[in-house]
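Sequential numbering of the sequence shown, starting at 339, is according to my numbering. Inspection log for the structure reproduced underneath, given as structure tokens.
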Amino acid sequence: MKRILYLVNLTLLIFNVSIDGQNTNPQADHEYDILNAFTGNWHIYLEARDSLNGPLYKVEWTLIGQRVLRGYFLETKQVWKAKGIETNGIELAAYDPIKKTCISNIGYDDGSRIYSTWAFVNDSTIIEHCTNYYPDGKVISFRNTWIFSADRMSLTFNGEDKKDGTWWTSCEGKGVKSK
């Protein structure tokens, strides 16, 4: 009988130690802090064009980003205002600590969606390679270059579209982060 009680107590002790040793609330480690570049409220002002020789027009772009799901992901709500039209979107980005890249998916209220991969050139520069899918079947490839100030409170932005194998500048501008 003592042996049985001893074995039961030992089993319970091992079970208790194994449960206490597991982190039931894991948090993203500091490597995921790279996502913080897009946290907060960003206001970006651009000049854009729809084709290589098209006329320039003004764009107001607002990004409201926050880390979610214990810090492993970045959620960004977006508002793009141009030519009298407002388009709203929600983005979810995930960092891959092995590949040192992010994968992002954005859905917009016009039915379009963007899939992108972010490449980190250095601490202040991100190049984003994107594919935009429209509900009518149209597909556009483009890339964005984000260059952040050292304090991460301002940025410059350059967007390029690809047509017939050639990259051309589709938008440029600057952004500031609200405190």
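Just so it is clear, CB atoms sit at the ideal spot from N, CA and C, and this is done for glycine as well.
1. Quick check on ILE436: buried or exposed, where buried means 16 or more other Cβ atoms within 10 Å of its Cβ?
2. Beta-carbon within less than 6 Å of ASP358's beta-carbon, same chain only, minus the 5 sequence neighbours each way: which residues are those?
3. Rounded to whole angstroms, what is the Cα-Cα separation between TYR410 and ASN391?
4. Tell me which residue opens and which closes the beta strand (DSSP E) that ARG481 is part of.
5. Do the region 508 to 517 and the region 373 to 388 make contact, defined as three or more Cβ pairs closer than 8 Å?
6. Exposed or buried, GLU429, counting other C-beta atoms within 10 Å across all chains shown (16 or more means buried)?
7. When you compare the CB positions of ASN496 and THR504, do they come within less than 8 Å of one another, or not?
8. Output the distance between the C-alpha atoms of SER454 and SER487, rounded to the nearest integer angstrom.
9. With ILE485 and SER462 assumed to form a contact (beta carbons below 8 Å), what rounded beta-carbon distance in angstroms separates them?
Taking the structure as given:
1. What you label residue 436 is simply residue 98 of the sequence shown in a count that begins at 1. Counting the other CB atoms within 10 Å of its CB gives ILE436 a total below 16, which places it among the exposed residues.
2. Start at 1 with the first residue of the sequence shown, and residue 358 comes out as number 20. Per-residue confidence for ASP358 stands at a pLDDT of 49, beneath the threshold of 50, marking its modelled position as unreliable; the derived number appears in the next sentence. Within the same chain, no Cβ atom closer than 6 Å to the Cβ of ASP358 is found once the five residues on either side in sequence are excluded.
3. Here residue 410 refers to the residue found at position 72 when the sequence shown is read from its first residue. Here residue 391 refers to the residue found at position 53 when the sequence shown is read from its first residue. ASN391 has its alpha-carbon roughly 41 Å from the corresponding atom of TYR410.
4. On the sequence shown, position 143 is the one that residue 481 refers to. Counting along the chain, the beta strand (DSSP E) containing ARG481 begins and ends at 477 to 486.
5. Three or more Cβ pairs closer than 8 Å define a contact, and the region 508 to 517 meets that threshold against the region 373 to 388.
6. Looking up residue 429 in the sequence shown gives position 91. Burial state of GLU429 is buried, judged by a 10 Å Cβ sphere holding 16 or more other Cβ atoms.
7. As a first step, residue 496 is located in the sequence shown; it is residue number 158 there, counting from the start. As a first step, residue 504 is located in the sequence shown; it is residue number 166 there, counting from the start. Their beta carbons are not under 8 Å apart, which means ASN496 does not touch THR504 by this criterion.
8. Locating residue 454 in the sequence shown gives position 116, where the first residue counts as 1. Locating residue 487 in the sequence shown gives position 149, where the first residue counts as 1. Their Cα atoms are separated by approximately 23 Å.
9. Taking the sequence shown and counting its residues from 1, one reaches residue 485 at position 147. Taking the sequence shown and counting its residues from 1, one reaches residue 462 at position 124. Indeed, because the Cβ distance is near 6 Å, the residues count as touching under 8 Å.
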